[in-house]
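Residue numbers are given in this note's numbering: position 286 of the sequence shown equals residue 359, and the series is strictly consecutive. The beta-carbon is built from N, C-alpha and C at its ideal position, and this holds for glycine as well.
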Amino acid sequence: MASDKLKTSNKVFALAVPVMISNISTPLIGVVDTAIVGQSPDPSLIGAVAISAMLFSLLYWGFGFLRMGTTSLTAQSIGACEPSESRAILMRALIVSLATGFGLIALQTPISALGFFFLKASSSVEFLSKEYFDIRIWSAPATFINYALVGWFIGLGRARIALLIQLILNFLNAFLDWYFVIELGMGVKGVALGTLFAEFFAATIGLIFAVKIYLHLKTEKNKISIWDFSKLRKLFNVSTDIMVRSLALMFVFMWFTSQSAKNGDLVLAANAILMHFITTTAYFLDGFAIAAESLAGRAIGAKSRKDFVRISKVTLSWSAIIAALASIVLIALGPNIIRVLTVDTNIQETAIEFMLWAALAPLIATWCYQLDGIFLGATWTREMVKSMLISTSLFLLVYWVLLPLQNTGLWLSLYFHFAARAVTLGYYFPRLLNRDFPSAKH
């Protein structure tokens, strides 16, 4: 029993650590981008890159299903010993990625108009932002191909390849930004071109790895069609569920930001800094959630209740331990981190006043993060949508009730959202477990 848990822990960390490294490299590159454009005396350059990057983050967040759905379905096919289905899943994911990417290119004019309508900016910043948008939008097919490839590699248990692709993408992006902006003086266009070329180069490297693995996957006698209607329908249903869930989650954080602004510029700035605490710890904890996706998916495919339960317990335990350590670090170092992130003493004081809310958030949020990963691996996505919609509705209700508490009420509402997601997913867990594993036999 102990040896089984140790083996499972080793598998979890083999998947989680590369994901953590990959996740942490992404925001660091954002800092590099800002530092590069910050060398210009024109402040509108920084604003343009910030606005455009935010628009693409919002735009692409809803398409996270291309990674998550591919991971869970691939892991299930590996668990079921169906390599032909693993190959077919890759082809379906790539087809959907290309169709989605070219669809965004075709709709770039209305997307741009709508995006900049909501993201208000000065005329100079908006002009430069549109230059950035008009170039970077052409990277959409490559971006989505990378989503699909990373999802496929993680589903196969090849997290190191996924890490390599992400590191190539991030560091090549930083180098090209430096070359185009600093050496060639191309400004915002240079930043957009750097991202464009980096996305396509990373996709090319990923496809080379994918082809090698694809050709080595043994096929069964009864070949599986890429266009199998039942499989396509499952992919569509899973993708739709994940998209709805992602959009609801995005709404919560956008609402949090908008209500922070209503509490004044100081609170807005302080909450923005504190939100970095939450997102950074989420990058670490996401490693265990993605490990759960892959390993739980395999257990579902293998129809092993014992493995599924053990994976769920082990990943939940490690995630909770890391969350506790993260909270301790944030409590100890939080004030110093805040002083590094801003020199404004008023913002520092406000952020430190509310710091405990952000520092303790991992202890509450880790449970819903991890259950999300388990549910994704099992493709229990319909219940994820129900959980997210219920939790989002309760989040708004609690915020309305606690409105007199101002920023404290806002943070309590966010805590309630994390807790509600964990409770509702926990409620569904035993029912779905017994549905997919009707017998205790394994």
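For Ile278, the three-state secondary structure derived from DSSP is helix. Closest option to Val261, judged by alpha-carbon separation, among Ser95, Lys203, Ser464 and Leu240: Lys203. The Cβ-Cβ distance between Gly450 and Ala375 does not fall below 7 angstroms. Residue burial is scored here from C-beta neighbours: Gly176 has fewer than 16 other C-beta atoms within 10 angstroms and is therefore classed as exposed. Annotation: the continuous alpha helix (DSSP H) that includes Ile315 extends over Phe302 to Lys335.
At a Cβ-Cβ threshold of 7 angstroms, Trp440 and Ala495 count as neighbours. Taking each of Ala121, Leu266, Leu79 and Lys304 in turn and checking the Cα distance to Glu158, the smallest one comes out for Lys304. Between Tyr205 and Ser125, the CB-CB gap stays under 7 angstroms.
If the five residues before and after Ile447 are omitted, its C-beta is found closer than 6 angstroms to the C-beta atoms of Ala365, Ala369 and Ser385, all from its own chain and listed in chain order. When secondary structure is reduced to three states using DSSP, Ile299 falls in the coil class, being assigned neither helix nor strand. Here the C-alpha atom of Gly230 lies approximately 30 angstroms from the C-alpha atom of Gly267.
In chain order, Asn219, Leu222, Val223, Ala275, Ile278 and Gly279 place their CB closer than 7 angstroms to the CB of Ile238, counting only its own chain and leaving out the 5 sequence neighbours on each side. Ser117 sits close to Val198, with the two beta carbons spaced by under 7 angstroms. Cβ atoms of Ala166 and Thr143 come within 8 angstroms of each other, at about 4 angstroms.
Taken through DSSP and simplified to helix, strand or coil, Pro511 comes out as coil. Put simply, the backbone Cα of Val122 is about 46 angstroms away from that of Lys78. Under the DSSP assignment, Ser159 falls in the alpha helix (DSSP H) whose first and last residues are Pro156 to Ala179. A distance below 7 angstroms between beta-carbons, with the five flanking residues on each side excluded, links Ile299 to the following residues of its chain, in chain order: Ala161, Met164 and Arg165. Close CB contacts of Leu128 within its chain, under the 8 angstroms cut and outside five residues either way in sequence, are with Gly188, Phe189, Leu192, Ser202 and Phe206 (chain order). Residue state for Asp359 is assigned as helix, using DSSP reduced to three classes. DSSP, reduced to helix, strand and coil, places Ser195 outside both helices and strands of the structure shown, so it counts as coil. Cβ-Cβ distances below 7 angstroms link Leu476 to Gly482 in the same chain, with the five nearest sequence neighbours on each side left out; the list follows chain order. When Glu422, Ala393, Ala493 and Val284 are compared, the shortest CA-CA separation from Val340 is found for Glu422. When secondary structure is reduced to three states using DSSP, Ala342 falls in the helix class.
DSSP assignment within the stretch 372-414 yields the following whole alpha helix (DSSP H) runs of 4 residues or more, N-terminal first: 378-414. Between the stretch 410-424 and the stretch 343-355, the count of C-beta pairs closer than 8 angstroms reaches three or more; the two stretches touch.
Taking C-beta atoms as the reference points, Ser212 and Leu269 count as a pair closer than 7 angstroms.
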